[in-house]
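For reference, the structure is listed below as structure tokens.
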Amino acid sequence: MPLRSVRTRIAPSPTGEDIHIGTLQTALINMAVARKNKGKFIIRIEDTDRVRLVEGAEKKYLQTLKSYNITHDEGPDIGGKYGLYRQSERLELYKKHALELIKKRVAYYCFCSMERLVELREKQIKEKMHTRYDKHCLLHVKDVEERINRNESYVIRLNVVPDKKIVFDDLIRGQITIASNEIDDQVLLKSDGFPTYHLAVVVDDHYMEITHIIRGEEWISSTPKHILLYEAFGWDLPLFAHTPLLRNPDKSKLSKRKNPVWASWYIKEGFLPEVMLNFLALLGWSHPEEKEIFPLDEFIDLFKLEEIKPVGPIFDLVKLKWMNQQYIQNKSDEDLKKLIIDFSPDAKNIPDQTLSKLMPLLKSRMETLVDFAKLTGIFFDKFGEQSFNQEEKDIASSLVNDLSKIKDWKNDTIFNIIKASMVLNKLKMPVFYKIFTGETRGLPLPETLEILGQEKSIKRLKEVLGK
RNA sequence: GCCGCGUUCGUCUAGUGGCCUAGGACACUUGGUUUUCAUCCAAGGAAUCAGGGGUUCGACUCCCCUACGCGGUACCA
């Protein structure tokens, strides 16, 4: 392999709502390989399936990737030296190469109708044969030129030579051998003039000088087709690495029916982007010192593609939550405050100083950013349970009395009064939580009341009396 | 069906022939700290390394078979 500067890429197909969490992991790995080797990381949009194309998907994908801090060096939005980064804009190039393959007799025209193909497939299934194109047009059609001139609809197919073994090295799995007999005469150019993935990916990866093709394991069985194309064109082969697929808890391929799979969902749920990256890094790879928590730069520095395990891990939220909590806990008060304000703009409705004072209380109690709103209801006049029994009202009443007398509104003076009431009435803390917040658990009460202020605390108690 | 890729505690994993009577993390249980809830600390249970054959003085580690899981088998990517 000649010395070339490393270039990696992800090539999402804009056919979904958003970037799939598995694609995000692949993106992370691709970016890491590029950065590690001081190379370039490219995003290319593979929008050749006009039927499944989703309006606005490309824009959404790019946004989501950005929100996770996955940054690319070339792409449809920022351009680059390697031409256009959207396949729909490169149709001429694919056509030209398809014709070159025809000339080299590596590919051929096919005029078969969908009906014939379906019929053929059904027959093969019935006879328990491999479902495969029968090379009918290669063997029997002689008037190709005429039919094209007559504007007949056609596709271009790869002419796979039987009885060959195609061997390639996968950086993660080692040597993989697949017999050419297993490969269909794949369509390369569709009748609508668009290439299929197989042609487009090879042409683009070549012209964009991609050195490492790092993609999901669902592509393993397609790789021989691509190798055949590289060979036909006389191009150098890139390196291949097929990453394991993320799984549902039942071990099936991660799917939206069983798990949230859209990357932006996790941000919406209050997970920190860097946490997701850290978590994804650990799915299939482990830190040499068995560290669980480490920043992106450290991952880029230590990570080796060859160390990825070929086993598909289950994508389990439980550890992700723990990790998110750890990251939140380790934030400075200022940073956490910024995160919270960005996440829930409502936070700006309480004075900045108040917000700052809340940070230390919040830190160890927030699993996700969503928890901010759950823990600070009292500051927004939002309460849980709103009905109170006589005993609770009596306590509230005596608290109004005692708390009003406090001259020095501090958590320890507040606590003394609560404690006195606890002892006197033989009660535990949760009762007092309920009175103030409507919840039975939450931030430390005296501290919270100190921050809330004497006036507001008492006002709240009076509201309880009126319930 | 056929082809390919996998298989270590519930989950993520360490392990590249002797350090493994298998280590760590999450989760779980118990105890400590404590003003609820968390945090933090400590302890504990949890894998006959999918099963069976080899190779070897010795196998979680190498080879073969079986089982199971996943992926592919499109004018989808």
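Basically the working numbering = 1-based index in the first sequence + 26.
Each residue gets a CB set at the ideal place from its N, CA and C atoms; glycine is no exception.
Could you tell me whether the Cβ atoms of H252 and V227 are closer together than 8 Å? Along the first sequence, read from residue 1 onward, the residue named residue 252 stands at position 226. Along the first sequence, read from residue 1 onward, the residue named residue 227 stands at position 201. The answer is yes: Cβ separation under 8 Å.
Would you mind listing the beta strand (DSSP E) stretches within the stretch 51-105 that are 3+ residues and don't spill past its ends, in chain order? 66-69
Which residues in the same chain have their Cβ closer than 6 Å to the Cβ of I204, if we skip the five residues on either side of it in sequence? By 1-based counting over the first sequence, the position of residue 204 is 178. For I204, where only same-chain residues beyond five positions count, the Cβ hits under 6 Å are I192 and P250.
Output the boundary residues of the alpha helix (DSSP H) element that contains C163. Translated into the one-based positions of the first sequence, residue 163 becomes position 137. Looking at the DSSP string, the run of the alpha helix (DSSP H) that includes C163 is H162 to H166.
Hey, which unbroken runs of the beta strand (DSSP E) at 3 residues or more fall wholly within the stretch 260-285? 265-269
Can you find the residues in the same chain that come closer than 7 Å, C-beta to C-beta, to Q355, ignoring five residues on each side of it along the sequence? The sequence position of residue 355 within the first sequence is 329, counting from 1. K389 and S390.
Please report how far the alpha carbon of E473 lies from the alpha carbon of L384, in whole angstroms. Sequence index remark: in the first sequence, residue 473 carries index 447 (1-based). Sequence index remark: in the first sequence, residue 384 carries index 358 (1-based). In a straight line, the C-alpha of E473 is about 9 Å away from that of L384.
Go through its chain and collect everything with a Cβ distance to N95's Cβ below 6 Å, but skip five positions before and after it. Counted from its first residue, the first sequence places residue 95 at position 69. Cβ within range, chain order: P299.
Between V167 and the rest of its own chain, which residues show a CB-CB distance below 6 Å, the 5 nearest in sequence each way excluded? What you label residue 167 is simply residue 141 of the first sequence in a count that begins at 1. Contacts found: none.
Helix, strand or coil at I496 according to DSSP, with G and I counted as helix: Past the edges of the chain, shown from 27 to 493, lies residue 496, and the structure says nothing about it.
Of the residues V301, T463 and A258, which one's Cα is nearest the Cα of L487? Stepping through the first sequence from its first residue, residue 487 is reached at position 461. With distances taken between Cα atoms, L487 lies closest to T463.
Please report how far the alpha carbon of P40 lies from the alpha carbon of S93, in whole angstroms. Position 14 of the first sequence holds residue 40. Position 67 of the first sequence holds residue 93. Answer to the nearest angstrom: the Cα atoms are 18 Å apart.
Beta carbon of L272 nearer than 8 Å to that of L309: In the first sequence, residue 272 corresponds to position 246, counting from 1. In the first sequence, residue 309 corresponds to position 283, counting from 1. Yes, they are a contact pair.
Buried or exposed: M140, going by 16 or more other Cβ atoms within 10 Å of its Cβ? Here residue 140 is taken as the residue at index 114 of the first sequence, counted from 1. Classification for M140: exposed.
Could you name the residues of the same chain whose beta carbon sits closer than 6 Å to that of R35, not counting the 5 residues immediately before and after it, in chain order? On the first sequence, residue 35 is found 9 positions in, with the first residue counted as 1. These residues qualify, in order along the chain: I68, R70 and I236.
Please go through the same chain and pick out, in chain order, the residues whose beta-carbon is closer than 7 Å to the beta-carbon of A58, but skip the five residues on each side of it. The residue labelled residue 58 in the question sits at position 32 within the first sequence. Cβ within range, chain order: F325, I326 and F329.
Per DSSP, W288 is paired with what? Along the first sequence, one-based indexing puts residue 288 at 262. The partner list for W288 (beta bridge, DSSP) reads H46.
Within the stretch 194-258, ranges of the beta strand (DSSP E) (whole runs, at least 3 residues): 200-205, 213-215 and 238-242
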